[in-house]
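Asker: Below is a structure I'd like to ask you about.
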Amino acid sequence: MSSNVSRRVVLRGTAAAAAGVALLAAGAQAADHTGHTTTEDHTGHGGHGSGPAAFDEVYKGRRIVGKPVTGGHEAHHGGFAVTVDGKELHVMQNADGSWISVVNHYQIFDQPLALTRAAVDALRGATLVPIAMN
């Protein structure tokens, strides 16, 4: 009994199927990572009612404050301003809704409060030096 299907054709099909499964798994992992199930606008230019909650607390002896803003430089990076002991911590919201800061730039966070607490931990008591934004 002879078959018209060569080993090369079978291997090519198997490789294509494996690549498809890998892409689906990567997409599912990325969707899982954000924790978002809606298609909200996370650019900072959408509605202002769905943004992160404001906070004002003392964390490890440092006063951290975060609040929504509607104008100025912060409005273009997620519409949220954060300060540590009264000095601005530059934060930015990514396209997927996660947040980063200049202090812990390679870590992403779901909310500005968690990001700010991690920045205080990373500073280890050092004073935050504001960035000149020209």
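Letter by letter, the sequence shown follows residues -30 to -1, 1 to 104 in mature numbering (1 follows the signal peptide of the UniProt record, and there is no 0). Even glycine gets a Cβ: it sits at the ideal position worked out from N, Cα and C. Please read all numbers here as calculations on a predicted model, not as lab measurements.
From ASP2 to ALA84, what does the alpha carbon distance come to, in whole angstroms?
Answerer: Along the sequence shown, one-based indexing puts residue 2 at 32. Along the sequence shown, one-based indexing puts residue 84 at 114. Since pLDDT at ASP2 reaches only 45, below the 50 mark, its modelled position is unreliable, and the value read off the structure follows with that caveat. Going from the Cα of ASP2 to the Cα of ALA84 covers about 18 angstroms.
Asker: Start and end of the alpha helix (DSSP H) containing ARG87?
Answerer: Counting from one through the sequence shown, the residue named residue 87 turns up at place 117. Run containing ARG87: 82 to 93, per the alpha helix (DSSP H) assignment.
Asker: Let me know if GLY21 comes out buried or exposed under the rule of 16 or more other beta-carbons within 10 Å of its beta-carbon.
Answerer: Taking the first residue of the sequence shown as position 1, residue 21 is located at position 51. By the neighbour-count rule (16 or more Cβ atoms within 10 Å), GLY21 is buried.
Asker: Check whether the Cβ atoms of ALA89 and LEU59 sit closer than 8 angstroms, and answer yes or no.
Answerer: Your numbering for residue 89 matches position 119 in the sequence shown. Your numbering for residue 59 matches position 89 in the sequence shown. Yes, the pair counts as a contact, with Cβ atoms nearer than the cut-off.
Asker: Let me know if SER(-25) comes out buried or exposed under the rule of 16 or more other beta-carbons within 10 Å of its beta-carbon.
Answerer: In the sequence shown, the residue the question calls residue -25 occupies position 6. Classification for SER(-25): exposed.
Asker: Taking one C-beta from the stretch 24 to 37 and one from the stretch 62 to 79 each time, how about it: are there three or more such pairs within less than 8 angstroms?
Answerer: No, the stretch 24 to 37 does not touch the stretch 62 to 79.
Asker: Per the DSSP calculation, TYR29 is bridged to which residue(s)?
Answerer: Here the question's residue 29 lines up with position 59 in the sequence shown. Note: TYR29 sits in a beta bridge opposite ARG32.
Asker: Residues in the same chain with beta-carbon distance under 8 angstroms from THR97, minus the five sequence neighbours each way, listed in chain order, please.
Answerer: As a first step, residue 97 must be located in the sequence shown, where it is residue number 127. For THR97, where only same-chain residues beyond five positions count, the Cβ hits under 8 angstroms are ASP55, LYS57.
Asker: Among the residues of its own chain, which have a CB less than 7 angstroms from the CB of ASP26, if the five just before and after it don't count?
Answerer: Walking along the sequence shown from the start, residue 26 turns up at place 56. The residues are VAL35.
Asker: Would you mind sorting THR86 into buried or exposed? The rule is 16 or more other CB atoms within 10 Å of its CB.
Answerer: As a first step, residue 86 is located in the sequence shown; it is residue number 116 there, counting from the start. The residue in question, THR86, is buried, as its Cβ has 16 or more Cβ neighbours within 10 Å.
Asker: Could you give the first and the last residue of the continuous beta strand (DSSP E) run that contains ALA96?
Answerer: Translated into positions along the sequence shown, residue 96 becomes position 126. Run containing ALA96: none; DSSP gives neither H nor E here.
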